[in-house]
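Undergrad:
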Amino acid sequence: MDLGNAASVAYSAPELILIAAAIGIVAADLVVSAKEQLGAVALLACAAALVAAIGLRMPFSERWIVQGLLHGAEGWLWSRMLVVDGFAVFFKLVFALAAFVTIWMSLGSAEVQDGDEGEYYALVLASTVGLFYMASAANLLMAYLSLELVSLTSYVLTGYRRHDRRSGEAALKYLVYGGVASAVMIYGMSWLYGLAGSLEYLKIHDALTHGAADPLTVFVAVVLVLAGFGFKIAAVPFHMWAPDVYEGAPIPVTAFLSVGSKAAGFAILIRLFYPGLSESGEGGAWAPLAGVDWPGLMLVVCMATMTLGNLAALGQRNVKRLLAYSSIAHAGYLLMGFVVLNDTGLRAVLFYLVTYYLMNLGAFVVVMVVANATGREDMDGYRGLAWRGGAVPAVAMAIFLFSLAGIPPLAGFVGKFYLFAAVVEQRFYLLALVGFANTLVALYYYARLVRTMFLDQPRGDEGVVALDAHNAFLLYFLTIPTIALGLYWAPVIALAERSVRFFLG
Amino acid sequence: MPGVPLQHVLLVGLVLFALGLYTVLTRRNAIGILMGIELLLNAANVNYVAFARYSGAPTDGQIFAIFVVMLAAAEAAVGLAIVLGIYRNFESIDVDATHALRH
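Residue numbers (the working numbering), protein chains in the order written: chain P, 197 to 701; chain D, 4 to 106.
(1) Which chain D residues are close to V372(P), counting only those with a beta carbon under 9 Å from its beta carbon?
(2) The alpha helix (DSSP H) that contains S386(P), what's its start and end?
(3) Using a Cβ-Cβ cut-off of less than 7 Å, list which residues of the stretch 441 to 470 of chain P approach chain D; keep chain order.
(4) Look up P484(P) in the DSSP assignment and say whether it is helix, strand or coil.
(5) With respect to the alpha helix (DSSP H) encompassing G314(P), which residues constitute its N-terminal and C-terminal limits?
(6) Let's see if you can read the secondary structure: which residues bound the beta strand (DSSP E) around V696(P)?
(7) Is there at least one Cβ from chain D nearer than 8 Å to L337(P)'s Cβ?
(8) In the DSSP assignment, find the unbroken beta strand (DSSP E) run with G271(P) in it and report its ends.
(9) Report the rounded CA-to-CA distance for A202(P) versus A248(P), giving the unit in angstroms.
(10) Drop a sphere of 10 angstroms on the beta-carbon of D440(P), count the other beta-carbons inside from all chains shown, and report buried for 16 or more, exposed for fewer.
(11) Could you confirm whether any beta carbon from chain D is found closer than 8 Å to the beta carbon of A438(P)?
(12) If you run the structure through DSSP and keep just helix, strand and coil, what is L9(D)?
(13) Run down chain D in chain order and give the residues with a C-beta less than 7 Å from the C-beta of Y351(P).
(14) Would you list the one or two residues that DSSP bridges to L226(P)?
(15) Use the C-beta contact count for Q10(D): other C-beta atoms within 10 angstroms, 16 or more gives buried, fewer gives exposed.
(16) Around the C-beta of A486(P), are 16 or more other C-beta atoms found within 10 angstroms, so that it is buried, or is it exposed?
(17) Under three-state DSSP, which class holds D63(D)?
(18) Assign A379(P) to buried or exposed, taking buried as 16 or more other Cβ atoms, counted over all protein chains shown, within 10 Å of its Cβ.
(19) Using 8 Å as the Cβ pair cut-off and three pairs as the minimum, do the stretch 398 to 406 of chain P and the stretch 66 to 73 of chain D touch?
(20) For E396(P), which beta-bridge partners are listed by DSSP?
(21) Assign V660(P) to one of three DSSP states: helix, strand, or coil.
(22) Distance check for V279(P) and Y143(P), CA to CA, integer angstroms please.
(23) Along chain D, in chain order, which residues have C-beta atoms closer than 9 Å to that of I400(P)?
(24) What number of angstroms, rounded off, separates the C-alpha of N538(P) from the C-alpha of E475(P)?
(25) Just checking: is the beta-carbon of V414(P) within a distance shorter than 8 Å of some beta-carbon in chain D?
(26) I need the DSSP call for S599(P), collapsed to helix, strand or coil.
(27) Measuring straight from C-alpha to C-alpha, what distance separates A230(P) and R655(P)?
(28) By the 10 Å Cβ neighbour count, where 16 or more other Cβ atoms means buried, how is E270(P) classified, buried or exposed?
(29) Just verifying my parser: in three-state terms, what is the DSSP assignment at S476(P)?
(30) What residues of chain P sit near V71(D), judged by a beta carbon separation below 7 Å?
(31) Let me check understanding here. Comparing Cα to Cα, which of A331(P), V449(P) and G393(P) lies closest to A366(P)?
(32) Expressed to the nearest angstrom, what Euclidean distance is found between the alpha-carbon atoms of Q512(P) and G477(P)?
(33) Taking the alpha-carbon positions, what's the I299(P) to A238(P) distance?
(34) So, for M277(P): in the same chain, excluding its five sequence neighbours on each side, which residues have a beta-carbon less than 6 Å away from its beta-carbon?
(35) Mind checking F669(P): buried by the 16 CB within 10 Å criterion, or exposed?
(36) Rounded to whole angstroms, what is the Cα-Cα separation between R697(P) and W490(P)?
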């Protein structure tokens, strides 16, 4: 159903709230001297966007009925540029929560507090708008615009600490890699447009299925487009920017990039490759276009990504950099659900993104707490963390790391279980084996950091880590669901299952 | 269609793309790399406009090209600001001179 422009305004409520708040903060920044008020406004805007995004799932006339969350309206917005469906709304919820926690983190971050905070919050909100549009782009033009909106704001956020050399260098590297990746991507998109005669995913799908386009040309165009999407999710071989950018950016920005930007990359990837370049079949199975073997290519990318990420993480001494490589490896795990070509795999990806959201953001909150207190990010700065005032952060970090490693009974275990189950069900035994070997490698470096925090004794030069109430609340906010989701995950997996629904009008 | 055949225009786009990629891969100067990115973007623009000219629905491709021009300007603005910041901190805009982050 084409919803028309009047209804499109109503369905764009979450984005409109964020845009209004971003502009309002830029204006208020000129007159308000208590900058933390701007952060509070940004926090409220994210909460409002979250509520509005939940509202999107309601039937239009009865938005207040909670049961509507699982049924919900679907349709085209703004002359078929955007689409609202279960899949888009699921990701919008994740992005709103990611932005919420990022701003919450920023309010307690020493790195953010000594800069131009007004601009910072406005940029985070603008970036979130881009993430929202990435989830619902149903047209190559919207996909490109939303991706660039996220990229441009991320470059600036990465270079936010203007006088810090690491921050500037990270921004430059991000800009150079990102600029090349998106330029290569739109060149690939131009070929898709030329071959299919349209920018709309569904028309591209119809034209390529029924037309006489040369499969090899389509494949080359798809590979070029993958450069841009692979860059966003930090998949090998487009991952080189990630360690430098994650290390150089302010910690809340790193957390935002590792969760928001990566999840949005998956959203845009799945929407183009599943409804766009595949055919939906019986029982939730999907078949790629004849002659265009992108699943084979992605299988190689998936195995290379997790292996390279985990092996490179082994030798890292900087915790932020270690988490950067770990997040590359996680892109590999997530791709496992992407390459199996069925709805079960996609459901596992969506569920894993929720658990990844909790545990990865949580790990970065602990990094921030330690950096706030001691100014250190290297592993020696974590020596005996539990015995010098940082018992709560140390325990929380252990929970997050074990969850990232996939140890029961934590959320990460359940997420990995669904991913591996989807892989084994489709008889990708080699992939399952590589994935399992990688999980073991990853356990080694996560456990090493835990050992440093608990078993090593402090030597006295590390500094005391005190936890203030603000960051303590934030830690509990992320720790409790990480444990709870490992014990009772039925509602979230049900939501993920119902969210694997693409509106194909 | 009169005039130049589509293949020739696409070839121009491909040559531009190759030149842009070569520039990006060989330049060590940050401004040089940004110029290479501009070449890549313009290669895509040539393709969009060419495909639009020779297809039934011309507006899509032309609109896309206009948006690319606009975003290239935005990216150049952000890029030059970042390069200026790098120059203030490192006294150089050579991408190899920036070593604050471990490789």
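Built from N, CA and C at the ideal position, the CB exists for glycine as well. Since the structure is predicted, the reported quantities are computational estimates derived from the model, not experimental observations.
TA: Per the coordinate set shown:
(1) One finds V27, A33, I36, L37, I40, G82 and V98 in chain D with Cβ atoms closer than 9 Å to the Cβ of V372(P), taken in chain order.
(2) Per DSSP, the continuous alpha helix (DSSP H) segment holding S386(P) begins and ends at R361 to A392.
(3) Residues of the stretch 441 to 470 of chain P whose Cβ lies closer than 7 Å to any Cβ of chain D, in chain order: E443 and G444.
(4) Strand, per DSSP.
(5) It spans E313 to S332 - the alpha helix (DSSP H) in which G314(P) sits, taken as one unbroken run.
(6) It is not in any beta strand (DSSP E) - V696(P) carries neither H nor E in the DSSP assignment.
(7) L337(P) belongs to the set of residues whose beta carbon lies under 8 Å from a beta carbon in chain D.
(8) Start and end: G271 to L273.
(9) Cα-Cα distance, rounded: 17 Å.
(10) A buried status is given to D440(P), since no fewer than 16 other beta-carbon atoms sit within 10 Å of its beta-carbon.
(11) Judged by the 8 Å Cβ criterion, A438(P) is not in contact with chain D.
(12) In the structure shown, L9(D) falls within a helical segment according to DSSP collapsed to helix, strand and coil.
(13) At a C-beta separation below 7 Å, Y351(P) has these neighbours in chain D: V81 and I85.
(14) Note: L226(P) sits in no beta bridge, so no partner.
(15) Q10(D) is exposed by the Cβ-count criterion.
(16) Taking all protein chains shown into account, A486(P) has fewer than 16 neighbouring C-beta atoms within 10 Å of its C-beta and is therefore exposed.
(17) Residue state, collapsed to three classes: helix.
(18) A379(P) sits buried, since 16 or more C-beta atoms from the chains shown fall within 10 Å of its C-beta.
(19) Two segments are said to touch when three or more pairs of C-beta atoms, one from each, lie closer than 8 Å; by this definition the stretch 398 to 406 of chain P does not touch the stretch 66 to 73 of chain D.
(20) Per DSSP, N335(P).
(21) Coil at V660(P), not helix or strand.
(22) This structure leaves residue 143(P) out entirely; chain P is present only between 197 and 701.
(23) The contacting residues do not exist; I400(P) stays about 11 Å from chain D at best.
(24) CA-CA distance, N538(P) to E475(P), rounds to 11 Å.
(25) Judged by the 8 Å Cβ criterion, V414(P) is not in contact with chain D.
(26) Residue state for S599(P) is assigned as helix, using DSSP reduced to three classes.
(27) Those two C-alpha atoms are separated by around 39 Å.
(28) By the neighbour-count definition (other C-beta atoms within 10 Å, threshold 16), E270(P) is a buried residue.
(29) Three-state DSSP puts S476(P) in a strand.
(30) Those are I382, listed as they occur along chain P.
(31) For the residues A331(P), V449(P) and G393(P), the minimum Cα distance to A366(P) belongs to V449(P).
(32) Going from the Cα of Q512(P) to the Cα of G477(P) covers about 45 Å.
(33) Going by the C-alpha atoms only, they are around 7 Å apart.
(34) Cβ neighbours of M277(P) beyond the five flanking positions: N335 and M338.
(35) Around the CB of F669(P), fewer than 16 other CB atoms lie within 10 Å, so the residue is classed as exposed.
(36) Pairing R697(P) with W490(P), the inter-Cα distance amounts to about 21 Å.
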